[in-house]
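Per our numbering, the very first residue in the first sequence carries number 143; after that it's consecutive. All C-beta atoms in this analysis are idealised placements derived from N, C-alpha and C, irrespective of residue type, glycine included. Working notes, beginning with the structure itself.
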Amino acid sequence: MSKNREIAQIFDRIADMLDILEDNRFKIRAYRNAARNLSELGDDVETIAERSQLEEIPGIGKDLGLKIKEYIETNKITYYEELKKKAPEELVALLGIQGLGPKTLAKLFKELKVRNLDDLQKAIEGDEILELEGMGEKKVQDIKRGIQIFKESVKRTPLGIVLPIAETLISEIGKIPGTEGTVAAGSLRRMRETIGDIDILTKADDGQNVIKAFTELPFVKEVLASGGTKGSIIIKNGVQVDLRVVSPESYGAALHYFTGSKAHNVKLRTIALKKGFKINEYGIFRDQEKLAGETEKEIYSILGIDWIPPEIREDKGEIEASFEGRLPDLVELSDIKGDLHTHTKWSDGKSSIEEMALKAKELGYEYIAITDHSPSSRIAGGLSVEKLYEKKKEIEAVRKRLKGIKVLMGSEVDIKSDGSLDYPDEVLKDLDVVVASVHSGFKMDRETMTTRIVKALQNPFVHVLGHPTGRLIGERDPYDVDIDRVIRTAKEFGKSLEVNSFYSRLDLNNINVKKAVDIGVKIVISTDSHHADNLGMMRLGVATARRGWAEKKDVLNTLGYDELRKWLNSHSSR
DNA sequence: GCCGTTTTCGGCCCGACTGTTTTCAGTCG
């Protein structure tokens, strides 16, 4: 785990501790804000510290800068160690229980000496807990249920898993009489790579009845809350779903509000206040007068700026960009003309070349590249040179049979541990598309790994670096690589970097996409499909690219076939 | 504890739901 993440987690835990200790709430907010900025930072905090630029990180001032420095130098933060004595870590972890907040936890700690989950469960069973102020039978039951959910809790789920589920839900909710314009909000609408819970918004005049119908849908496992405008349920796979019902005249304001991100909303509201407006989920107001609320666009417009696409609402410069009229014109799924990274039965895929090509055609593409593995990927059925040329013959046959889709002959070639490629140059030069990827030796140190990848990028026949950091969401951290150097090398040698759309990869991530497009490196959005059905994951990659501010011009596979061929030929030594 | 299109000091987003209250506190997003 990177130092950025480690320090961010500590700052978050400090915030939790201060919350329980009832410290100044703005100080607590400062810690949370700093933690968020650190974890979303594209640059290595150690490098920033070396340059004495810590205080240039948003949310980091003199004090937190020193604490970061202390952690880098000594691997601990004294303030944090001191706090642990007053609010033990095991106790703080209990804040993860729904319905149990800092105030209640502090009370349980002080009055009943609750220090961990065991203590809490015992306290719940006893009678003493009912004597605490503000505590009743119902609340005890709530905490009990919270503990149950806490134990079974699913962590954040990858976007690619949640998206199809959410779409089913939205369609079901859309069938409830009186609803209209049912859509996703929250991190789902922003297409974050992982989703905590599913937020859905709908328009209706009779909220009470819609929420009631919602809580009675067949997939509901448990109802957490049910009111006149808002309902919360847990569905059978354990994911929480929140539905908000608003009236049509507030729909835009509510959609904006529930889409977030929180940081984006806070910044926008603060700006609104300074301009004499007030924004809430019902609209934008001056004094008591409601100026707008039906659409998101009106709200931005009254503030004097353009509508901001949800994918970049992270308070990462998009509000400033909007004020300056330089919002990016983000790439769209419909701009994509083909897929340049796919596998077939020839290696570890499940579909034939023809099936892949037909599916690509069905998606409206102009081309698809078939890029099976190279010999070193034994487990993945990597192709020997002989097999590779046999496959080429089949591709030629498919080309003759199929009209309306161009099939490119390619390979996903392993980058071996010394940075050389898994096929010799005279073989690579016969391929239309060469995607070079790391599939082994993930544990190398940063310098060795970076040198390895940089060397591969210097090969004159390589077009694309596949899944450049090797991370698997929720399973494997990225390998230790100096991504900035990789991006600079790609720029220098005219190579493209992949945004792998496979749901557990999304690699490059949004932060690195932004770095790449900022210096003019072309990205290519590919699916790495191992089945024809996986080609549809393209939308996840497009979303990731959009989150990284990529425009159509930044994306190689928005080029038409002829233009693409030109690019491929001019960017290698064929 | 941070930060400056009112400020280097004095602010820091806003409302719904629930339970335990009889006017509000805690929690959540």
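Beta strand (DSSP E) segment containing residue i, residue limits
{"i": "Gly373", "result": "372-377"}
{"i": "Glu322", "result": "322-326"}
{"i": "Met679", "result": "Segment: none, Met679 is in no beta strand (DSSP E) and carries neither H nor E."}
{"i": "Lys363", "result": "362-368"}
{"i": "Gly207", "result": "Segment 204-216 is the alpha helix (DSSP H) holding Gly207; no beta strand (DSSP E) there."}
{"i": "Arg428", "result": "425-428"}
{"i": "Ser668", "result": "665-668"}
{"i": "Arg554", "result": "The displayed chain sequence assigns Glu, not Arg, to residue 554. Run containing Glu554: 548-556, per the beta strand (DSSP E) assignment."}
{"i": "Arg386", "result": "382-388"}
{"i": "Lys297", "result": "Here Lys297 belongs to no beta strand (DSSP E), and DSSP marks it neither H nor E."}
{"i": "Lys228", "result": "Looking at the DSSP string, Lys228 is not in any beta strand (DSSP E); the run it does join, the alpha helix (DSSP H), is 220-228."}
Contact under 9 Å by Cβ, residue i with residue j
{"i": "Thr513", "j": "Glu568", "result": "no"}
{"i": "Leu259", "j": "Ile162", "result": "no"}
{"i": "Ala598", "j": "Leu650", "result": "no"}
{"i": "Gly690", "j": "Val659", "result": "yes"}
{"i": "Val310", "j": "Ala346", "result": "In the sequence as displayed, the identity of residue 310 is Thr instead of Val. Contact flag unset, no."}
{"i": "Gly184", "j": "Asn699", "result": "no"}
{"i": "His406", "j": "Ser671", "result": "no"}
{"i": "Ala229", "j": "Leu206", "result": "no"}
{"i": "Val604", "j": "Val580", "result": "no"}
{"i": "Asp294", "j": "Gly380", "result": "Per the sequence shown, the amino acid found at residue 294 is Glu instead of Asp. Yes, the Cβ-Cβ distance between Glu294 and Gly380 is below 9 Å."}
{"i": "Ala157", "j": "Ile170", "result": "yes"}
{"i": "Ile495", "j": "Glu528", "result": "no"}
{"i": "Val187", "j": "Ile214", "result": "yes"}
{"i": "Gly394", "j": "Gly435", "result": "yes"}
{"i": "Phe644", "j": "Thr669", "result": "yes"}
{"i": "Val641", "j": "Val663", "result": "no"}
{"i": "Glu182", "j": "Lys545", "result": "no"}
{"i": "Leu385", "j": "Ile337", "result": "no"}
Rounded C-alpha distance that separates residue i from residue j
{"i": "Ala685", "j": "Tyr222", "result": "38 Å"}
{"i": "Gly328", "j": "Ala355", "result": "22 Å"}
{"i": "Asp556", "j": "Asp572", "result": "17 Å"}
{"i": "Leu274", "j": "Gly373", "result": "29 Å"}
{"i": "Glu279", "j": "Leu272", "result": "7 Å"}
{"i": "Leu225", "j": "Ile152", "result": "11 Å"}
{"i": "Lys209", "j": "Thr592", "result": "30 Å"}
{"i": "Ile413", "j": "Tyr442", "result": "11 Å"}
{"i": "Ser389", "j": "Gly552", "result": "53 Å"}
{"i": "Leu397", "j": "Lys694", "result": "27 Å"}
{"i": "Glu270", "j": "Leu160", "result": "26 Å"}
{"i": "Leu500", "j": "Leu237", "result": "51 Å"}
{"i": "Lys542", "j": "Val325", "result": "44 Å"}
{"i": "Leu262", "j": "Arg155", "result": "20 Å"}
{"i": "Phe292", "j": "Ile239", "result": "5 Å"}
{"i": "Leu677", "j": "Ala502", "result": "7 Å"}
{"i": "Ile147", "j": "Asn179", "result": "The sequence given here places Arg at residue 147; Ile does not occur at that position. Whole-angstrom Cα-Cα distance: 10 Å."}
{"i": "Leu359", "j": "Glu438", "result": "29 Å"}
{"i": "Ile454", "j": "Ala463", "result": "11 Å"}
{"i": "Asp675", "j": "Glu198", "result": "46 Å"}
{"i": "Ala511", "j": "Arg688", "result": "23 Å"}
{"i": "Lys211", "j": "Ala191", "result": "7 Å"}
Supposed close pair residue i, residue j - CB separation, criterion 8 Å
{"i": "Gly616", "j": "Pro300", "result": "7 Å"}
{"i": "Val387", "j": "Ile375", "result": "In fact, because the Cβ distance is near 14 Å, the residues do not count as touching under 8 Å."}
{"i": "Arg588", "j": "Ser559", "result": "Not a contact, Cβ separation roughly 14 Å."}
{"i": "Glu276", "j": "Gly241", "result": "At residue 276 the sequence reads Gly, which differs from the Glu that was named. About 13 Å separates the two Cβ atoms, so there is no contact after all."}
{"i": "Ala235", "j": "Leu250", "result": "Not a contact, Cβ separation roughly 14 Å."}
{"i": "Glu423", "j": "Tyr399", "result": "4 Å"}
{"i": "His673", "j": "Lys533", "result": "No, His673 and Lys533 are not in contact; Cβ-Cβ is about 18 Å, not under 8 Å."}
Residue i, enclosing alpha helix (DSSP H) - first and last residue
{"i": "Asn351", "result": "349-357"}
{"i": "Ala150", "result": "145-162"}
{"i": "Phe644", "result": "Phe644 -> no alpha helix (DSSP H), and no H or E assigned at all."}
{"i": "Glu309", "result": "301-316"}
{"i": "Val655", "result": "652-660"}
{"i": "Asp622", "result": "No alpha helix (DSSP H) contains Asp622, which DSSP labels as neither H nor E."}
{"i": "Asp341", "result": "Careful: Asp341 lies outside any alpha helix (DSSP H), inside the beta strand (DSSP E) at 340-345."}
{"i": "Glu705", "result": "703-712"}
{"i": "Val282", "result": "279-294"}
{"i": "Glu98", "result": "The chain is shown only over 143 to 716; residue 98 falls outside these bounds and no answer can be derived."}
{"i": "Leu196", "result": "No alpha helix (DSSP H) holds Leu196; DSSP gives it neither H nor E."}
{"i": "Ala692", "result": "Here Ala692 belongs to no alpha helix (DSSP H), and DSSP marks it neither H nor E."}
Any non-hydrogen atom of the ligand FMN closer than 8 Å to residue i Cβ
{"i": "Ser562", "result": "Of ligands this structure carries none, so the ligand FMN is not represented either."}
Decide if the segment 620-632 is in contact with the segment 432-447; the criterion is three or more beta carbon pairs, one per stretch, under 8 Å apart.
no
Can you find at least 3 beta carbon pairs, one from the segment 281-300 and one from the segment 621-628, that sit closer than 8 Å?
no
Quick check: the segment 501-521 against the segment 478-492, are at least 3 beta-carbon pairs closer than 8 Å?
yes
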